[in-house]
Structures are given as structure tokens and as C-alpha cells.
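In full-length UniProt numbering, the protein residues as written are 1 to 418. Positions of the beta carbon are idealized from the N, C-alpha and C atoms, including for glycine. It should be emphasised that the depicted structure is a prediction, and the values quoted were computed from it without experimental measurement. This report concerns only the one structure given below.
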């Protein structure tokens, strides 16, 4: 290379700028020519992946791409003096960077694959891009779970610098941020990204004011998994409980079947308790749905017990009436045999006594027959009454049960839909 040949290397430009590991002033001091001049910082945040939504702990774990840019008034060059170099990549630790953070963040980790460099233009414009895994708080409304849509906020602010030092503003509007996020969005899991709304505001604490940029992320749940694994089985249990009204009351099979359904619903309720937070202000509709069906089945079991009791009483009544009829027949046969044997005696001195005894016996038999007939008639009436009452209660409850279930399902469905 000749003596008059210009040095077109990045090293020459870096030496001219005075940027390097030995010059700490560029990395620790805000790059302005007058200390009262605030640094204008532009920020963009794009959502790349939804890692986890924890309803129990009300937290959202996401992967975000954050682009930050600002103007460094102390480090500039003329591209014509350096062979037209219009951009240079500099290690991040060589220059001052705004200390931005996410207000709702519980935990933030920088990606291991993140670039250690930032880009700089001749007029001092600095651009830096970083990828974070952020776990943030998110107040969720689970009333319509699993047909719910959640809105979570990520608030970016320069935590160490007030508006006198840094003026923070978004680089892109809501439409551009949403479109960019949908372009890089990678997951196809439980949640769909709907939109990202960008707004600006101020945070004031003890007369100190910070600029902040608020990203409101709207996501919608895909309910198919919960519908297939949770709602459909619960609904089928309700249908089976309705069909059990056509089962025979004998041998307690109907009652055992209903209790089995109740236990199965209890297991699903325990699973639901592990998913949803216990401190939610409004009871989620899915909890109302499951509890309502649980109560329907419980009332159905109580009705089955009552009807079974009445049918068992009617059965005992029929058995008692049949036993009395058998005893009466045996008594009549014994009386006839006794009367015949006494008539065979033929003794003259006992004729009057025998006639009197026969008269008394006939009167007693007549009274016994009348009493037995009354008892049998009363027992038959009681048995018929108990059977009729049991069947009437069962039919009436079945009709009321169907009406109540239809009204309940319609109301819950309307709440879910609207």
C-alpha cells in the first residue's frame, strides 16, 4: 500500500472515534454535549414466542425482540474521510447504552445467542437489538375460560433516568409492531397473538417523572383441547344421568350408576382446581358449569333414593298381603276339617253343645273373613298408593330435570358466547 493511500479499515475509523476498551468515558457517560440536553431514545418491542401462560400464578412468559436506538452526539464521522464507510459495528461495552427495563418483569434473561455488537451510523445514530426471555405479571380475566382472551402489558421505561435525561418514545406504531410480531411469531401452541397496542405515558414517583412505552399484548386461547378433554366428558356425564331415568330401580343398579357419575365429575373438578386460581374475583363459567352439573347429579341421586324407598315399601306391602292371604286359606281349611270331625260324633248328650260350638265357630269365621278382607283391601290400596306416588315423583322430577338442564345450559352458553 502506497504512502498516500488512505486507510480504509474499520480500525482506523475506530481509532479516530476514540472508542475502545481503554476509553471508559464513552461507555459510562451519557453522550451529549450539554448535560441538560435529554437523549431521545426510540424503542420497539416485538413478540416472537409465547412460552407459558400460568393462570394459577397470573404470569406470562414470552420471548421478545427489543430494538433500541438513540443519537450519540460525541461519536460521529464523515464517510468521505474514511472511504465511504457508512456504518460500523462496535462491541456494546464500548459505548453508553440506555438502561431500559420492563416494569412488570419478574425475571428477564438475555438470550445466549444475542449479538454482542451494536451498529452506528456516521451522524451518531446508534442501533441495538436484543432478545429476551421475560416472565412478567399479567392480571388475567378467566371468567370465560377456556374461551377467553387475555390482555397483558409490557411497560418499557429507563429505570435510571428521568425525563430530564432520557425521553423515551416508540419507533413504530401499533400496526407495524403487530405486523412485525406476527411475522416472527413462532409458536403454534395454545395461544394465538391477536394484536399489540402501543401507547406512551408517564410514571410519577415523588415528583420524579419517567417516560414509559406500554405494549398491550392481546392473546386468544385455543379452546379445542379443553373442550375435548373437559367440557365434552362433563356434558356426556350429564346425558348419562338423564338416560339413567330409564333404568330399572331393582337391585340398586340405578343408584350405583349415578354415584359413579358423581365420582367421575368430582375428579374433573379437582383437575379444574389445579388449573384456575382460587383468588379470582368472579367464579369462572367453567366452574359454574361443572358445579351446576355436579348439583344436578347430586339432586338426581337424592330423588333416586326417595323413589327407591317408596318402591321398596310398596314391595314389602305386597309381600305382607300375600302372606296374610295364605294364612287365611289355611285357617279356613282347618276349620272345615274340625267341623266335619265334630259332626261324626253323633252323641245325644253332646248334640246341643256341638251345635252351639258350630254356631260360634261360623260367627268367628265370618268375622275373621271380614277382617281379613278389610286388611287385604287396605293393604292393596296402600301398595297401589305408594307405587303411584313413586312413579309420579319420578316422572315429575324427570320433566323438571330436563327443563332445568336446558335452561342452565342455555344461560351458561349465552354467557360464554357473549
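Query raised in the report: What is the C-beta distance between residue 234 and residue 293, in whole angstroms, given that I count them as a contact (C-beta under 8 Å)?
Result: Locating residue 234 in the chain shown gives position 234, where the first residue counts as 1. Locating residue 293 in the chain shown gives position 293, where the first residue counts as 1. Contact holds; Cβ gap of about 6 Å.
Query raised in the report: Closest to residue 61 by CA distance: which of 102, 88 and 36 is it?
Result: Here the question's residue 61 lines up with position 61 in the chain shown. Per the Cα distances, 102.
Query raised in the report: Any contact of the segment 190 to 199 with the segment 64 to 72, i.e. 3+ C-beta pairs under 8 Å?
Result: no
Query raised in the report: In its own chain, which residues sit with a C-beta less than 6 Å from the C-beta of residue 68, not counting the 5 before and 5 after it?
Result: Position 68 of the chain shown holds residue 68. The residues are 43 and 128.
Requested in this report: Check residue 404 in the structure and name its three-state DSSP category.
Outcome: Taking the chain shown and counting its residues from 1, one reaches residue 404 at position 404. Reduced to three states, the DSSP call for residue 404 is helix.
Query - Three-state class that DSSP yields for residue 7 in the structure shown - result: The sequence position of residue 7 within the chain shown is 7, counting from 1. Correct three-state label for residue 7: coil.
Query raised in the report: Looking only at its own chain, which residues have a Cβ that is under 8 Å from the Cβ of residue 268, when we skip the five neighbours before and after it?
Result: The count along the chain shown starts at 1 and reaches residue 268 at position 268. Taken in chain order, the residues that qualify are 230, 233, 234 and 290.
Requested in this report: Assign residue 25 to one of three DSSP states: helix, strand, or coil.
Outcome: Here residue 25 is taken as the residue at index 25 of the chain shown, counted from 1. Helix, per DSSP.
Query raised in the report: Should residue 344 be labelled buried (16 or more other beta-carbon atoms within 10 Å of its own) or exposed?
Result: Sequence index remark: in the chain shown, residue 344 carries index 344 (1-based). Low confidence applies here, because residue 344 scores a pLDDT of 45, under 50, leaving its location unreliable; read the following figure in that light. Exposed is the call here.
Query raised in the report: Going by C-alpha distance, which of 117, 107 and 80 is nearest residue 93?
Result: Taking the chain shown and counting its residues from 1, the one referred to as residue 93 is at position 93. Residue 93 has its Cα closest to that of 117, out of 117, 107 and 80.
Query raised in the report: Which residue spans inside the segment 13 to 65 form an unbroken beta strand (DSSP E) run of at least 3?
Result: 39 to 54
Query - Cβ-Cβ separation, residue 142 to residue 148 (assumed contact under 8 Å), whole Å - result: Residue numbering aside, residue 148 sits at position 148 when the chain shown is read from its first letter. Residue numbering aside, residue 142 sits at position 142 when the chain shown is read from its first letter. The Cβ separation is near 6 Å, so the contact holds.
Query raised in the report: Considering only C-alpha positions, which residue in the set 132, 296, 122 and 96 is nearest to residue 111?
Result: Locating residue 111 in the chain shown gives position 111, counting from the first residue. Considering only alpha carbons, the answer is 132.
Requested in this report: Assuming residue 300 and residue 241 form a contact by the criterion Cβ under 8 Å, report the distance between their Cβ atoms to the nearest whole angstrom.
Outcome: Counted from its first residue, the chain shown places residue 300 at position 300. Counted from its first residue, the chain shown places residue 241 at position 241. That pair is a contact at about 6 Å.
Query raised in the report: Does the Cβ of residue 53 have 16 or more other Cβ atoms within 10 Å, making it buried, or fewer, making it exposed?
Result: Within the chain shown, the letter at position 53 stands for residue 53. So residue 53 counts as buried.
Query - Three or more C-beta pairs below 8 Å linking the segment 156 to 176 and the segment 203 to 218 - result: Because the criterion of three Cβ pairs below 8 Å is met, the segment 156 to 176 and the segment 203 to 218 touch.
Report task. Just mark residue 180 as buried or exposed, buried being the case when its beta carbon has 16 or more other beta carbons within 10 Å. Result -> In the chain shown, the residue the question calls residue 180 occupies position 180. So residue 180 ends up on the buried side.
Query raised in the report: Alpha carbon to alpha carbon, what distance is there between residue 270 and residue 27?
Result: Here residue 27 refers to the residue found at position 27 when the chain shown is read from its first residue. Here residue 270 refers to the residue found at position 270 when the chain shown is read from its first residue. Going from the Cα of residue 27 to the Cα of residue 270 covers about 56 Å.
Report task. Determine the direct distance from the alpha carbon of residue 97 to that of residue 139, and round the result to whole angstroms. Result -> Taking the first residue of the chain shown as 1, we reach residue 139 at position 139. Taking the first residue of the chain shown as 1, we reach residue 97 at position 97. Approximately 31 Å between the Cα atoms of the pair.
Query raised in the report: Which partner residues does residue 107 have in the DSSP bridge list?
Result: For this step, residue 107 is matched to residue 107 along the chain shown. Beta-bridge pairing links residue 107 to 135.
Query raised in the report: Pick from 9, 302, 150 and 46: whose alpha carbon is nearest that of residue 81?
Result: Here residue 81 is taken as the residue at index 81 of the chain shown, counted from 1. Of the listed residues, the one whose Cα sits closest to residue 81 is 9.
Query raised in the report: When DSSP labels each residue in this structure, what does residue 244 get in the three-state scheme?
Result: Within the chain shown, residue 244 is the residue found at index 244, counting from 1. Annotated three-state conformation of residue 244 is helix, per DSSP.
Requested in this report: Would you give the residue range spanned by the beta strand (DSSP E) that residue 163 belongs to?
Outcome: Counted from its first residue, the chain shown places residue 163 at position 163. No beta strand (DSSP E) holds residue 163; DSSP gives it neither H nor E.
Report task. Just the C-alpha distance for residue 244 and residue 224, rounded to the nearest angstrom, thanks. Result -> The residue labelled residue 244 in the question sits at position 244 within the chain shown. The residue labelled residue 224 in the question sits at position 224 within the chain shown. Each residue's alpha carbon lies about 29 Å from the other.
Query raised in the report: Could you give the distance in angstroms between the alpha-carbon of residue 152 and the alpha-carbon of residue 99?
Result: For the purposes of this step, residue 152 is identified with residue 152 of the chain shown, where counting begins at 1. For the purposes of this step, residue 99 is identified with residue 99 of the chain shown, where counting begins at 1. Using only the alpha carbons, I get a separation of about 23 Å.
**Report entry** Local conformation of residue 123 per DSSP, three classes
**Finding:** Residue 123 sits at position 123 when you count from the first residue of the chain shown. Note: residue 123 maps to coil in three-state DSSP.
**Report entry** Simplified DSSP state of residue 383, which is helix, strand or coil
**Finding:** Taking the first residue of the chain shown as position 1, residue 383 is located at position 383. Of the three classes helix, strand and coil, the one that applies to residue 383 here is helix, per DSSP.
Query raised in the report: Between residue 182 and residue 219, which are expected to be in contact by the criterion C-beta below 8 Å, what is the C-beta distance as a whole number of angstroms?
Result: Within the chain shown, the letter at position 182 stands for residue 182. Within the chain shown, the letter at position 219 stands for residue 219. So it is not a contact: roughly 12 Å between Cβ atoms.
Query - Neighbourhood of residue 417 by C-beta distance below 6 Å, restricted to the same chain and skipping five residues each side - result: Here the question's residue 417 lines up with position 417 in the chain shown. Answer for residue 417: no residue qualifies.
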